[in-house]
Amino acid sequence: MNDFNARLDKCKKQNVNIVKDNDAAIKKLQTLLKSRDSLHEAMSKLRSSQLIHLKEEKKKEDIQRKNAGTRAEEKEKDKTLKEHRRNRDVKARKVEAYNKIRTANNTALLHEASRLKDDNIRLKRIISSVIMNSHYGMATGRL
1 MNDFNARLDK CKKQNVNIVK DNDAAIKKLQ TLLKSRDSLH EAMSKLRSSQ LIHLKEEKKK
61 EDIQRKNAGT RAEEKEKDKT LKEHRRNRDV KARKVEAYNK IRTANNTALL HEASRLKDDN
121 IRLKRIISSV IMNSHYGMAT GRL
(Lines of atoms letter the chains of each structure in order from A and count residues from 1; the text may use other names and numbers.)
(Lines give C-alpha, C1' and ligand atoms only; values in the text may rest on other atoms or scores of the structure.)
Protein backbone atom coordinates (compact mmCIF):
# COMPACT_ATOMS: atom_id res chain seq x y z
CA MET A 1 0.00 0.00 0.00
CA ASN A 2 2.84 2.22 0.67
CA ASP A 3 3.81 1.91 -2.89
CA PHE A 4 0.33 2.89 -3.98
CA ASN A 5 0.28 5.92 -1.70
CA ALA A 6 3.68 6.95 -2.96
CA ARG A 7 2.48 6.74 -6.54
CA LEU A 8 -0.67 8.59 -5.65
CA ASP A 9 1.32 11.34 -3.95
CA LYS A 10 3.60 11.47 -6.92
CA CYS A 11 0.63 11.76 -9.30
CA LYS A 12 -0.97 14.43 -7.10
CA LYS A 13 2.27 16.44 -7.14
CA GLN A 14 2.50 16.06 -10.89
CA ASN A 15 -1.16 17.02 -11.18
CA VAL A 16 -0.58 20.07 -8.98
CA ASN A 17 2.41 20.97 -11.11
CA ILE A 18 0.34 20.46 -14.24
CA VAL A 19 -2.45 22.62 -12.80
CA LYS A 20 0.07 25.27 -11.82
CA ASP A 21 1.59 25.09 -15.29
CA ASN A 22 -1.91 25.30 -16.78
CA ASP A 23 -2.73 28.34 -14.63
CA ALA A 24 0.51 29.98 -15.68
CA ALA A 25 -0.21 29.14 -19.31
CA ILE A 26 -3.73 30.53 -18.97
CA LYS A 27 -2.37 33.74 -17.47
CA LYS A 28 0.17 34.01 -20.27
CA LEU A 29 -2.58 33.43 -22.82
CA GLN A 30 -4.75 36.06 -21.17
CA THR A 31 -1.92 38.59 -21.24
CA LEU A 32 -1.22 37.67 -24.85
CA LEU A 33 -4.90 38.10 -25.70
CA LYS A 34 -4.97 41.45 -23.94
CA SER A 35 -1.84 42.54 -25.74
CA ARG A 36 -3.31 41.27 -29.02
CA ASP A 37 -6.53 43.21 -28.37
CA SER A 38 -4.57 46.32 -27.50
CA LEU A 39 -2.48 45.79 -30.62
CA HIS A 40 -5.66 45.49 -32.71
CA GLU A 41 -7.00 48.67 -31.12
CA ALA A 42 -3.74 50.46 -31.81
CA MET A 43 -3.75 49.23 -35.40
CA SER A 44 -7.35 50.33 -35.93
CA LYS A 45 -6.55 53.74 -34.45
CA LEU A 46 -3.52 53.98 -36.70
CA ARG A 47 -5.56 53.00 -39.75
CA SER A 48 -8.28 55.49 -38.91
CA SER A 49 -5.72 58.25 -38.37
CA GLN A 50 -4.07 57.33 -41.66
CA LEU A 51 -7.45 57.41 -43.37
CA ILE A 52 -8.16 60.80 -41.86
CA HIS A 53 -4.74 62.00 -42.97
CA LEU A 54 -5.32 60.64 -46.48
CA LYS A 55 -8.73 62.31 -46.63
CA GLU A 56 -7.19 65.61 -45.57
CA GLU A 57 -4.47 65.26 -48.19
CA LYS A 58 -7.08 64.46 -50.82
CA LYS A 59 -9.08 67.54 -49.83
CA LYS A 60 -5.94 69.67 -50.09
CA GLU A 61 -5.16 68.20 -53.51
CA ASP A 62 -8.73 68.83 -54.66
CA ILE A 63 -8.52 72.42 -53.48
CA GLN A 64 -5.18 72.85 -55.23
CA ARG A 65 -6.60 71.31 -58.40
CA LYS A 66 -9.61 73.63 -58.27
CA ASN A 67 -7.36 76.61 -57.65
CA ALA A 68 -5.15 75.57 -60.54
CA GLY A 69 -8.23 75.31 -62.76
CA THR A 70 -9.44 78.75 -61.75
CA ARG A 71 -5.94 80.15 -62.25
CA ALA A 72 -5.86 78.69 -65.74
CA GLU A 73 -9.30 80.16 -66.44
CA GLU A 74 -8.17 83.55 -65.12
CA LYS A 75 -5.05 83.40 -67.28
CA GLU A 76 -7.19 82.54 -70.29
CA LYS A 77 -9.55 85.42 -69.51
CA ASP A 78 -6.61 87.79 -69.09
CA LYS A 79 -5.18 86.57 -72.36
CA THR A 80 -8.46 87.12 -74.22
CA LEU A 81 -8.88 90.54 -72.61
CA LYS A 82 -5.36 91.53 -73.64
CA GLU A 83 -6.03 90.27 -77.14
CA HIS A 84 -9.30 92.20 -77.28
CA ARG A 85 -7.59 95.38 -76.07
CA ARG A 86 -4.75 94.91 -78.53
CA ASN A 87 -7.23 94.39 -81.39
CA ARG A 88 -9.20 97.43 -80.27
CA ASP A 89 -6.03 99.53 -80.10
CA VAL A 90 -4.94 98.33 -83.54
CA LYS A 91 -8.35 99.19 -84.96
CA ALA A 92 -8.27 102.61 -83.29
CA ARG A 93 -4.80 103.27 -84.74
CA LYS A 94 -6.02 102.22 -88.19
CA VAL A 95 -9.04 104.52 -87.93
CA GLU A 96 -6.84 107.36 -86.70
CA ALA A 97 -4.38 106.86 -89.56
CA TYR A 98 -7.25 106.69 -92.06
CA ASN A 99 -8.73 109.91 -90.66
CA LYS A 100 -5.35 111.64 -90.86
CA ILE A 101 -4.96 110.58 -94.48
CA ARG A 102 -8.50 111.70 -95.27
CA THR A 103 -7.98 115.02 -93.50
CA ALA A 104 -4.72 115.55 -95.38
CA ASN A 105 -6.48 114.74 -98.66
CA ASN A 106 -9.33 117.10 -97.79
CA THR A 107 -6.96 119.96 -96.98
CA ALA A 108 -5.15 119.30 -100.23
CA LEU A 109 -8.50 119.36 -102.06
CA LEU A 110 -9.45 122.61 -100.35
CA HIS A 111 -6.12 124.11 -101.27
CA GLU A 112 -6.60 123.08 -104.90
CA ALA A 113 -10.19 124.35 -104.87
CA SER A 114 -9.11 127.74 -103.61
CA ARG A 115 -6.60 127.99 -106.44
CA LEU A 116 -9.24 127.34 -109.09
CA LYS A 117 -10.62 130.26 -110.98
CA ASP A 118 -14.12 131.59 -110.49
CA ASP A 119 -15.37 129.86 -113.63
CA ASN A 120 -14.88 126.52 -111.93
CA ILE A 121 -17.39 127.28 -109.17
CA ARG A 122 -19.22 124.06 -109.89
CA LEU A 123 -16.01 122.04 -109.37
CA LYS A 124 -15.38 123.94 -106.12
CA ARG A 125 -18.87 123.02 -104.89
CA ILE A 126 -18.32 119.35 -105.76
CA ILE A 127 -15.00 119.33 -103.90
CA SER A 128 -16.51 121.04 -100.85
CA SER A 129 -19.46 118.59 -100.82
CA VAL A 130 -17.00 115.65 -100.98
CA ILE A 131 -15.07 117.17 -98.08
CA MET A 132 -18.23 117.74 -96.05
CA ASN A 133 -19.38 114.17 -96.68
CA SER A 134 -16.03 112.80 -95.54
CA HIS A 135 -16.17 114.94 -92.38
CA TYR A 136 -19.69 113.64 -91.75
CA GLY A 137 -18.41 110.08 -92.19
CA MET A 138 -15.59 110.67 -89.70
CA ALA A 139 -17.97 112.22 -87.18
CA THR A 140 -20.47 109.37 -87.35
CA GLY A 141 -17.91 106.60 -87.62
CA ARG A 142 -18.93 105.59 -91.14
CA LEU A 143 -15.69 105.19 -92.96
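Be aware that the sequence shown starts at 1, since it is given in UniProt numbering, and climbs by one per residue.
Glycine residues also receive a C-beta, built at the ideal position from the N, C-alpha and C atoms.
Fair warning: this is a prediction, and the values are worked out from it, not measured in the lab.
Query	Result
Residue 128 and residue 110 closer than 9 Å at C-beta	yes
Chain D within 9 Å of residue 44, Cβ atoms only	This model lacks chain D altogether, as it is built from one protein chain only.
Spatial distance of residue 15 from residue 39 (CA atoms)	35 Å
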